[in-house]
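Numbered by the working numbering, the letters in the sequence shown go through residues 16 to 372 in order.
Here a beta-carbon is modelled for each residue, glycine too, at the ideal position from N, C-alpha and C.
The structure appears right after this line, and notes come after that.
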Amino acid sequence: MTYLFTVPEYSKWARTPARTALNFDPFFVCGQLHHLNVYPAGFDEESAEFVAVFLVPRHDPFDHIYNTKEGLCRLRISIEILDESGERSVFDNHTARSGQTVWGNGRGYVRFVKRSELEWSSCIRRRDDSFTIRCTVFIDVEVVVRKLPAKVFLAEQIVQASKPVAGTIGTSYTMTIGFFSNVRAALRTGECVHSRQFSFGGGSWYLKVYPNGYCEASRDWVSVILGRGRSGETETTAEFRFEVIGVVGAGEGEWLRHMFDHDNPAHGSRCLVKSSDLTQAEHMATDNDRLVIRCHLRLIKKTTTRLPPTTEPPTAIAVPPSDGLKHHHKVPARLEIVGKRMDEETRDAAPLVSLRY
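Below you can see the structure in the form of structure tokens.
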């Protein structure tokens, strides 16, 4: 189930003391009220440079197990900050600066995004000084699945041998940062501008540009990092390089290879182009002080090549008696309910339900 929340008057709330929370209207999940708490000026004094976000149930703890007609269920959350259009994700669980934290009955992030990076990453709408948070609640359900009669499984079960063969698919993504000199003056070393996320090869990807370097060792350079967000695969091997468009002498970065997974979701070039080269570049002076970075991305995909069948006869398969209906077992499944928050006129509309095993 997905809900959209608008944080109004961001500049005003960012100047309030730490621990100041915006509490949004509650909504029902599994028959219990939940509400979203946003801390624009920080969850506490130690994290005052970050925006914190928490989803808090009214009564039971967030990891409470609910008994529903579908079975026993447990809740999970996904939190995203969207771009100015309110459609594409920029920051989410995968880009959060801290892990998911339990606080009271709720669950969320003490350091979801650094305020300076939020302000320079095309998330805040200039017309009303607001930004949008998308909160999706997933429901993991344990359901009972009964076995079909054994005779249903009498179809041919001969599987030919296969072996992985490496192949590649490629794309490119261009990120433009306007008024780059102002951005560089506003951000410190280690702070970055996030691109909008883009989809490719079954996953989400994004760029992070550090105008004053990723770390102290690269503070005289512009660093660029490629990150992987949500993905249907636990591991993705990619080759990529970065190109600075329109800057003479910047050239193209070398091809990098990295295996992206949950523990290593980002990789890149800490010394892509010298800051002094950008200052002297004629392109930066004549093209509205824009920095244009293009990422060329190739994914190493595993495919399968079927081998010819062997001449040996298939192995006999012993089939149990047709009493499968007497047995059952529990199989974990995930019930994901996706839909927008409903107003009074559409409250009875049925949400889209997708049951995945």
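Does DSSP classify Thr147 as helix, strand or coil?
To locate residue 147, count along the sequence shown from 1; it is residue 132. For Thr147, the secondary structure class from DSSP, reduced to helix, strand or coil, is strand.
Helix, strand or coil for Ala63, going by three-state DSSP, please let me know.
Taking the sequence shown and counting its residues from 1, one reaches residue 63 at position 48. If DSSP states are grouped into helix, strand and coil, Ala63 belongs with coil.
By alpha-carbon positions, which one of Thr110, Glu60 and Arg211 ends up nearest to Tyr12?
The question about residue 12 has no answer here: the residues shown for the chain are numbered 16 through 372.
Quick check on this structure: which residue in Val224, Thr183 and Glu206 has the alpha carbon closest to the alpha carbon of Thr191?
Residue 191 sits at position 176 when you count from the first residue of the sequence shown. Minimum Cα distance to Thr191 is reached at Val224.
Would you say Leu312 and Phe255 are within 7 Å of each other, going by their C-beta atoms?
Residue 312 sits at position 297 when you count from the first residue of the sequence shown. Residue 255 sits at position 240 when you count from the first residue of the sequence shown. With respect to Phe255, Leu312 sits close: the two C-beta atoms are nearer than 7 Å.
Can you tell me which of Phe215, Asp304, Thr147 and Cys207 puts its alpha carbon nearest to the alpha carbon of Asn227?
Locating residue 227 in the sequence shown gives position 212, where the first residue counts as 1. Per the Cα distances, Cys207.
When you compare the CB positions of Val125 and Ala67, do they come within less than 7 Å of one another, or not?
Translated into positions along the sequence shown, residue 125 becomes position 110. Translated into positions along the sequence shown, residue 67 becomes position 52. Yes.
Express the C-alpha separation of Phe275 and Thr21 in angstroms, rounding to a whole number.
On the sequence shown, position 6 is the one that residue 21 refers to. On the sequence shown, position 260 is the one that residue 275 refers to. Roughly 32 Å separates the two Cα atoms.
Counting only beta-carbon separations shorter than 7 Å, does Thr191 have a partner in chain B?
Absence of chain B from the displayed structure is noted, only one protein chain being present.
Please name the residue or residues paired with Ile92 in a DSSP beta bridge.
For the purposes of this step, residue 92 is taken as the residue at position 77 of the sequence shown. DSSP lists Val152 as partners of Ile92.
Note down, one range per segment and in chain order, each beta strand (DSSP E) of at least 3 residues found wholly within the segment 206-249.
213-215, 218-225 and 236-246
Could you check which residue in Phe106, Val307, Phe69 and Leu202 has the C-alpha nearest to that of Phe39?
Sequence index remark: in the sequence shown, residue 39 carries index 24 (1-based). For Phe39, the nearest C-alpha among the options comes from Phe69.
So His209 and Phe106 are in contact, right, with Cβ under 8 Å, and what is the actual spacing, rounded?
On the sequence shown, position 194 is the one that residue 209 refers to. On the sequence shown, position 91 is the one that residue 106 refers to. Contact holds; Cβ gap of about 6 Å.
Which residues in the same chain have their Cβ closer than 7 Å to the Cβ of Lys27, if we skip the five residues on either side of it in sequence?
Translated into positions along the sequence shown, residue 27 becomes position 12. No residues qualify anywhere along the chain.
Here's the rule: buried if 16 or more other CB atoms are within 10 angstroms of the residue's CB, otherwise exposed. What is Ala56?
Taking the sequence shown and counting its residues from 1, one reaches residue 56 at position 41. Its Cβ being crowded by 16 or more others within 10 Å, Ala56 is buried.
Which whole-angstrom value describes the C-beta separation of Cys45 and Ile154, a residue pair presumed to lie in contact below a C-beta threshold of 8 Å?
Stepping through the sequence shown from its first residue, residue 45 is reached at position 30. Stepping through the sequence shown from its first residue, residue 154 is reached at position 139. Sure, about 7 Å apart at Cβ, within 8 Å.
Less than 7 Å between the beta carbons of Val239 and Phe213, yes or no?
The residue you call residue 239 lines up with position 224 of the sequence shown. The residue you call residue 213 lines up with position 198 of the sequence shown. No; because the gap between Cβ atoms is not below 7 Å, this pair is not in contact.
Work out the CA separation of Thr204 and Ala176 for me, nearest whole Å.
Sequence index remark: in the sequence shown, residue 176 carries index 161 (1-based). Sequence index remark: in the sequence shown, residue 204 carries index 189 (1-based). Residue confidence for Ala176 is low, a pLDDT of 33 falling below 50, so the modelled location carries little weight; the figure read from the coordinates is stated next. Cα-Cα distance, rounded: 53 Å.
Please work out which residues of its chain come closer than 6 Å, Cβ to Cβ, to Ala170, disregarding the five sequence neighbours upstream and downstream, and give them in chain order.
For this step, residue 170 is matched to residue 155 along the sequence shown. With a pLDDT of only 30 at Ala170, under 50, the local geometry of the prediction cannot be trusted, and no value is derived from it.
Run through DSSP, which three-state label would Phe39 get?
Numbered from its first residue, the sequence shown carries residue 39 at position 24. Phe39 falls in the coil class under three-state DSSP.
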